[in-house]
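Q:
Numbering (mature numbering (1 follows the signal peptide of the UniProt record, and there is no 0)), first residue to last: -18 to -1, 1 to 248.
1. Enumerated in chain order, which unbroken segments of the beta strand (DSSP E) with a length of 3 residues or greater are wholly contained in the stretch 135 to 190?
2. Quick check on the burial criterion: 16 or more other C-beta atoms within 10 angstroms. Buried or exposed for residue 183?
3. Just how far apart, CA to CA, sit residue 201 and residue 163?
4. Among 205, 94, 149, 101, which residue has its Cα nearest to the Cα of residue 110?
5. Per DSSP, what kind of secondary structure is residue 80 in: helix, strand or coil?
6. To the nearest whole angstrom, what separates the beta carbons of residue 105 and residue 139, a pair I think is in contact under 8 angstroms?
7. Inspect the beta-carbon positions of residue 48 and residue 129 and report whether they are closer than 8 angstroms.
8. Rounded to a whole number of angstroms, what is the C-alpha to C-alpha distance between residue 6 and residue 61?
9. Smallest Cα separation from residue 74: which of 172, 206, 95?
10. Restricting to Cα atoms, I'd like to know which of 154, 180, 177, 142 is closest to residue 168.
11. If we count the other Cβ atoms within 10 Å of its Cβ and call it buried at 16 or more, is residue 18 buried or exposed?
12. Helix, strand or coil: how does DSSP classify residue 17 here?
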């Protein structure tokens, strides 16, 4: 009986160890990038950063709109799989189709989706300009339909982009969620946004006072130079929940962010 009990205990212990190893192996398993590809993009003429890109099927010679995705601070570094935690990249990685019908022309569009990684915070306008110069030479991108979106620190990158003299003229529209504070010179540069006639749809949470206040400041600064370029959606949440808005099923007044972006081109 003693030997039988000992055998049972050994079997139980082995089973527990096997389960623990299986769990550890599962946790350690690398995140698959599909349907994205890992690439490197130039952020300066001499430096490159890792990125992921999604290239949908397209007809020969067809050029597609580009969505440039700016990540939050916790995603920064060299691990490209982190970009799937939030944003447009998360939606595609989970299997959702990021396609939309343009309300203006009634045509359905697919998007090329690009998410470059910053090393510590977010990409500056000069870095984003270099990224665009690089990818426009390599991929079938419609240069009249370049859209930018981001959240938190990525929202900083978007706000910096739309206030930059050169970059604002290259972008067709922007979607900015809970943006962080931008540099003071850029706070007085929303005239560039107005001159470029660049529309931005802002999102913020009613319970994230700092980011909500920043969002209002950016809208007011844009309106100072030109009204009608901004749109604001406020959710009942704190600094979170952006996946709700990036989901292609999300609609406000019957329009998703992807349908909204497509209304604008250069």
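A virtual CB, placed ideally from N, CA and C, is assigned to each residue, including glycine. Fair warning: this is a prediction, and the values are worked out from it, not measured in the lab.
A: On the basis of the data shown:
1. 155 to 159, 182 to 187
2. buried
3. 13 angstroms
4. 149
5. coil
6. 5 angstroms
7. yes
8. Residue confidence is low: residue 6 scores 45 on pLDDT, short of 50, so the model does not pin down where it sits. Its coordinate-derived value is still stated next. Cα to Cα, residue 6 sits roughly 20 angstroms from residue 61.
9. 95
10. 142
11. buried
12. coil
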